[in-house]
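Novice: Residue numbers (UniProt numbering): 1 to 444. Here a beta-carbon is modelled for each residue, glycine too, at the ideal position from N, C-alpha and C. Please read all numbers here as calculations on a predicted model, not as lab measurements. Can you read through this structure? Questions will come right after.
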Amino acid sequence: MVIMILDDTFSDVCAFPVVYHSNTHQIRSPRSRRRSSCSIRFADDTDTGTDILVITEEGLGDILVDPTGSSLLSSLESTTMKTSPMSTASSTPHILGVHRYQIAGAGALTVPYSENREMQQNQMLLTLRRRKSIQKSIHIDPIALLDYSYHGVTQRFLLNASNWSFNSFTLDTLTGGHSLSQLLVHLFSKYKFIEYFNLDILNVLKVFRLFENGYHDTNPYHNSVHAADVTQAMHCFIEEKKIGQYMTPMEKMCSLLAAVAHDLDHPGVNQHFLIATKSHLASLYNNLSVLESHHWRFAISCIRESKVFNHFDSEQWNQVQHLLSSLILATDITQQATYLKRFKQQLSPSAHFSMSNAENRLFILQIALKCADLGNPCRPWVLSQRWTKQICAEFYRQGDYERMLSIPITPICNRHSASMAKIQTGLFDFRKIRDLTSTFRFLP
Numbered sequence: 001m002v003i004m005i006l007d008d009t010f011s012d013v014c015a016f017p018v019v020y021h022s023n024t025h026q027i028r029s030p031r032s033r034r035r036s037s038c039s040i041r042f043a044d045d046t047d048t049g050t051d052i053l054v055i056t057e058e059g060l061g062d063i064l065v066d067p068t069g070s071s072l073l074s075s076l077e078s079t080t081m082k083t084s085p086m087s088t089a090s091s092t093p094h095i096l097g098v099h100r101y102q103i104a105g106a107g108a109l110t111v112p113y114s115e116n117r118e119m120q121q122n123q124m125l126l127t128l129r130r131r132k133s134i135q136k137s138i139h140i141d142p143i144a145l146l147d148y149s150y151h152g153v154t155q156r157f158l159l160n161a162s163n164w165s166f167n168s169f170t171l172d173t174l175t176g177g178h179s180l181s182q183l184l185v186h187l188f189s190k191y192k193f194i195e196y197f198n199l200d201i202l203n204v205l206k207v208f209r210l211f212e213n214g215y216h217d218t219n220p221y222h223n224s225v226h227a228a229d230v231t232q233a234m235h236c237f238i239e240e241k242k243i244g245q246y247m248t249p250m251e252k253m254c255s256l257l258a259a260v261a262h263d264l265d266h267p268g269v270n271q272h273f274l275i276a277t278k279s280h281l282a283s284l285y286n287n288l289s290v291l292e293s294h295h296w297r298f299a300i301s302c303i304r305e306s307k308v309f310n311h312f313d314s315e316q317w318n319q320v321q322h323l324l325s326s327l328i329l330a331t332d333i334t335q336q337a338t339y340l341k342r343f344k345q346q347l348s349p350s351a352h353f354s355m356s357n358a359e360n361r362l363f364i365l366q367i368a369l370k371c372a373d374l375g376n377p378c379r380p381w382v383l384s385q386r387w388t389k390q391i392c393a394e395f396y397r398q399g400d401y402e403r404m405l406s407i408p409i410t411p412i413c414n415r416h417s418a419s420m421a422k423i424q425t426g427l428f429d430f431r432k433i434r435d436l437t438s439t440f441r442f443l444p
């Protein structure tokens with residue numbers, strides 16, 4: 001079942017799979033930590049002609065979210081769909097069975113079935129409030145349930161992908177953890193890359209999933225949600241006329257792919273840690289731009305495996321490799337001052353900077369990607385704070401690793417001495433975000 005939470009405390013519309021505990025009037029979801037009083041009703045979606053289960057703050061029940069709660073989908077995968085109440089193999093003790101209904105023009109809605117007489121009466125009231133167009137579903141693919149249910153809500157949410165206040169965390173919730181691939185589907189459609197480059201749609205979807213799977217969800221910060229956030233920011237920069245009007249389709253596509261892949265297979269620790277622990281990656285790349293070198297090579301391997309660009313001629317393929325490597329290597333934070341100095345020199349009146357020059361366009365895209373990568377402190381306060389908490393968690397985890405390995409603890413990673421405020425201000429100064437973003441206004 002997909003629910004929507006609408007109340008004054010939620011600025012975003014959230015949808016996620018849930019398990020309804022009929023004996024306790026509780027709805028549990030593994031993807032949220034919110035607890036609130038609520039009532040359940042059916043509302044008509046006049047835009048799509050479908051029924052939506054709406055939960056509002058009216059004090060008639062509880063939403064209790066359990067991060068360890070089991071998803072109803074997993075218990076339905078081995079169950080045959082029938083029109084009568086059915087038992088489930090879920091480990092959740094309060095679920096006795098489910099009724100499943102098909103909503104016209106939408107996905108599936110799961111209504112719990114309880115042997116408790118009072119609960120059955122309540123369920124009958126809910127069922128009566130359904131529209132007559134709702135029919136029982138006999139055969140439903142449980143795996144496809146989330147795709148059907150999320151599709152409409154996700155597509156509406158992605159209409160805001162050009163706004164700087166775009167919330168990648170909400171997108172990740174709406175898509176069940178597939179924010180990066182869903183954002184890419186939207187952007188490739190918007191820019192018409194598939195038609196322009198004559199790409200095979202199956203190979204395109206394959207490389208999207210390879211990119212997404214290349215990120216480690218165990219990383220608090222360097223994960224696929226961060227990649228989606230950077231990609232959306234890069235999209236915002238490309239849409240600026242002072243940049244986008246000069247870029248070729250190949251440059252636009254590769255700049256977005258570079259944003260997607262800029263932290264692929266990130267281990268959740270920095271270059272200093274890899275060198276100190278004599279990591280094979282540090283040895284492989286001679287302690288120079290270790291992570292960035294790994295990211296762009298990993299990206300190339302994903303592209304090769306997907307065969308998405310196999311029909312490109314040698315000139316096009318060389319251009320793809322050149323753009324991806326140049327853009328991703330530019331995200332090396334240790335080279336920040338060098339890029340900023342060159343940026344100011346290039347944009348001085350005496351430099352005669354021209355966007356008709358391919359190397360100049362590449363340099364601007366490098367600066368844009370750096371801004372996208374480091375720009376979450378410039379997001380709205382709610383998003384900025386959340387990203388700060390995420391990166392602090394990853395820093396503290398590295399500090400714990402260093403402590404266990406008896407190697408010097410990186411000052412910014414020491415949870416006992418580095419407060420969140422110190423980390424936030426230190427990163428802002430170290431990344432030179434103030435200079436980088438202020439200089440960006442001088443683009444022609």
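For the alpha helix (DSSP H) holding tryptophan 381, just list the boundary residues, first then last.
Specialist: 381 to 404 is the span of the alpha helix (DSSP H), which, as asked, contains tryptophan 381.
Novice: Quick check on isoleucine 364: buried or exposed, where buried means 16 or more other Cβ atoms within 10 Å of its Cβ?
Specialist: By the neighbour-count rule (16 or more Cβ atoms within 10 Å), isoleucine 364 is buried.
Novice: Output yes if chain D places a C-beta closer than 8 Å to the C-beta of lysine 307; else output no.
Specialist: The displayed structure is made up of one protein chain only, and chain D is not part of it.
Novice: If you count every other CB in all the chains shown that lies within 10 Å of the CB of tyrosine 113, and 16 or more means buried, which is it?
Specialist: Low confidence applies to tyrosine 113: its pLDDT is 37, below 50, so where it sits in the model is not reliable enough to give any reading.
Novice: Here's the rule: buried if 16 or more other CB atoms are within 10 angstroms of the residue's CB, otherwise exposed. What is lysine 370?
Specialist: The residue is buried, with at least 16 neighbouring Cβ atoms inside 10 Å.
Novice: On the criterion of 16 or more Cβ atoms from any shown chain inside 10 Å, does asparagine 310 qualify as buried, or is it exposed?
Specialist: Classification for asparagine 310: exposed.
Novice: Return helix, strand or coil for lysine 242, following the three-state DSSP convention.
Specialist: Three-state DSSP puts lysine 242 in a helix.
Novice: What whole-angstrom Cβ distance do valine 204 and valine 308 have, given they're in contact under 8 Å?
Specialist: Contact flag correct, Cβ pair sits at about 6 Å.
Novice: Any idea what DSSP makes of arginine 361, helix, strand or coil?
Specialist: DSSP places arginine 361 in helix when its eight states are reduced to three.
Novice: Candidates Thr154, Asn286 and Glu305: which alpha carbon is nearest lysine 206's?
Specialist: When only C-alpha atoms are compared, the closest one is Glu305.
Novice: Among the residues of its own chain, which have a CB less than 7 Å from the CB of serine 354, if the five just before and after it don't count?
Specialist: Closer than 7 Å at Cβ, skipping near neighbours: Asn360.
Novice: Is DSSP giving valine 230 helix, strand or coil here?
Specialist: Looking at valine 230 - three-state DSSP - the assignment turns out to be helix.
Novice: Within 10 Å of its beta-carbon, does alanine 351 have 16 or more other beta-carbons around it, so buried, or fewer, so exposed?
Specialist: Exposed, by the Cβ-count rule.
Novice: So alanine 161 and glutamine 232 are supposed to be a Cβ contact under 8 Å. How far apart are they, rounded?
Specialist: Confirmed, about 6 Å.
Novice: Thinking alanine 372 and phenylalanine 157 are a contact (beta carbons under 8 Å), I'd like their distance in whole angstroms, please.
Specialist: Going by Cβ atoms, the distance from alanine 372 to phenylalanine 157 rounds to 20 Å, so no, they are not a contact pair.
Novice: Can you grab the Cα-Cα spacing for the pair methionine 250 / alanine 259, in whole Å?
Specialist: Rounded to whole angstroms, methionine 250 to alanine 259 spans 14 Å at the Cα level.
Novice: In terms of alpha-carbon separation, which member of His235, Asp265, Pro220 and Lys241 lies closest to cysteine 254?
Specialist: Checked all of His235, Asp265, Pro220 and Lys241; the closest Cα to cysteine 254 is His235.
Novice: Is the separation between the beta-carbon of glycine 268 and that of asparagine 213 shorter than 8 Å?
Specialist: Taking 8 Å as the Cβ cut-off, glycine 268 and asparagine 213 do not qualify as a contacting pair.
Novice: Do three or more CB pairs link the stretch 328 to 339 to the stretch 280 to 298 at distances below 8 Å?
Specialist: Touching, yes, given that three or more Cβ pairs across the two stretches are closer than 8 Å.
Novice: Are leucine 174 and threonine 154 closer than 8 Å when you measure CB to CB?
Specialist: Yes, the Cβ-Cβ distance between leucine 174 and threonine 154 is below 8 Å.
Novice: Please report the distance separating the alpha-carbon of residue 446 from that of glutamine 390.
Specialist: Outside the displayed span of the chain (1 to 444) sits residue 446, for which this structure offers no information.
Novice: Among residues of its own chain, excluding the 5 on either side of leucine 199, which ones have a beta-carbon nearer than 7 Å to its beta-carbon?
Specialist: Cβ neighbours of leucine 199 beyond the five flanking positions: Phe193 and Val308.
Novice: Use the C-beta contact count for glycine 399: other C-beta atoms within 10 angstroms, 16 or more gives buried, fewer gives exposed.
Specialist: Label assigned to glycine 399: buried.
Novice: Does the Cβ of valine 230 have 16 or more other Cβ atoms within 10 Å, making it buried, or fewer, making it exposed?
Specialist: Answer is buried; the Cβ neighbour count reaches 16.
Novice: DSSP state of threonine 277, grouped into three classes?
Specialist: It is coil, neither helix nor strand.
Novice: Please tell me whether arginine 415 and tyrosine 401 are closer than 8 Å, where the distance is taken between their beta carbons.
Specialist: It is not a contact, given that the beta carbons lie outside the stated cut-off.
Novice: Please state whether the Cβ-Cβ distance between threonine 410 and histidine 226 is less than 8 Å.
Specialist: No, the pair does not count as a contact, with Cβ atoms beyond the cut-off.
Novice: Taking 7 Å as the cut-off, does the CB of serine 348 come closer than this to any heavy atom belonging to the ligand MN?
Specialist: As presented, the structure is devoid of all ligands, the ligand MN included, so that no description of it is given.
Novice: Put isoleucine 407 into one of helix, strand or coil per three-state DSSP.
Specialist: Of the three classes helix, strand and coil, the one that applies to isoleucine 407 here is coil, per DSSP.
Novice: Within 10 angstroms of its Cβ, does asparagine 163 collect 16 or more other Cβ (buried), or is it exposed?
Specialist: It is exposed - the Cβ of asparagine 163 has fewer than 16 other Cβ atoms within 10 Å.
Novice: Ends of the alpha helix (DSSP H) at valine 185?
Specialist: Where valine 185 is concerned, the enclosing alpha helix (DSSP H) stretches over 179 to 191.
Novice: Relative to the C-alpha of glycine 177, which residue among Arg209, Leu264, Tyr191 and Leu187 is closest?
Specialist: Of the candidates Arg209, Leu264, Tyr191 and Leu187, the one whose C-alpha sits nearest the C-alpha of glycine 177 is Arg209.
Novice: Which residues in the same chain as methionine 420 place their Cβ atom closer than 6 Å to its Cβ, once the five residues preceding and following it in sequence are excluded?
Specialist: Cβ within range, chain order: Cys392.
Novice: Could you tell me the distance, in whole angstroms, from the CA atom of serine 406 to the CA atom of leucine 281?
Specialist: Whole-angstrom Cα-Cα distance: 21 Å.
Novice: Exposed or buried, histidine 222, counting other C-beta atoms within 10 Å across all chains shown (16 or more means buried)?
Specialist: Buried: at least 16 other Cβ atoms inside 10 Å.
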